[in-house]
Amino acid sequence: MKRMTLDQMKDKDIGLVGTPERDKYEFELRMEVLGDMIKTVRKERKLTQEQLGDLVGVQKSQISKLERNTKNVTIETILKVFSALKTNVRFSVEMDESEFNIA
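The opening residue of the sequence shown carries number 30 in the numbering used here; numbering runs sequentially from there.
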């Protein structure tokens, strides 16, 4: 049986890097990791979802949704959550210059 790397398996089963299917997969994976990070840091700070919600100014249910599914949340809310958790956040923006026709 031929061995494959994880990237080779993703290329085969999900699509090559840069395809809409692969981009969607990678985005959803990053969002899931973000929710997990919020939950982990919240627990390290010994805060309940309700306590974190109070610090951020949202309901406990919003924190629960954020930890489970960060796809439908604003960057402002994410920044407020990490600020309330007393953590630093760095965002990275990458531009694909091939998409722009600069004359």
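Every residue, glycine too, gets a C-beta built ideally from N, C-alpha and C. All figures in this text were calculated on a predicted structure; none of them were measured in a lab.
Buried versus exposed, by CB contacts within 10 Å (16 or more), Leu81: Classification of Leu81: buried, given that the 10 Å Cβ count is 16 or more.
Three-way DSSP call (helix, strand, coil) for Gly86 in this model: Coil at Gly86, not helix or strand.
Residue environment, Arg97, which counts as buried when at least 16 other CB atoms sit within 10 Å: If you draw a 10 Å sphere on the C-beta of Arg97, you find fewer than 16 other C-beta atoms in it, and that means exposed.
Length at least 4, wholly inside the stretch 37–97: the alpha helix (DSSP H) runs in chain order: Scanning the stretch 37–97 for uninterrupted alpha helix (DSSP H) segments of 4 residues or longer gives 49–73, 78–85 and 89–97, listed from N- to C-terminal end.
Status (buried if at least 16 other CB within 10 Å, exposed otherwise) for Val85: When all chains shown are included, Val85 counts as buried.
Lys109 - containing alpha helix (DSSP H), residue span: Counting along the chain, the unbroken alpha helix (DSSP H) around Lys109 starts and ends at Ile104 to Ala113.
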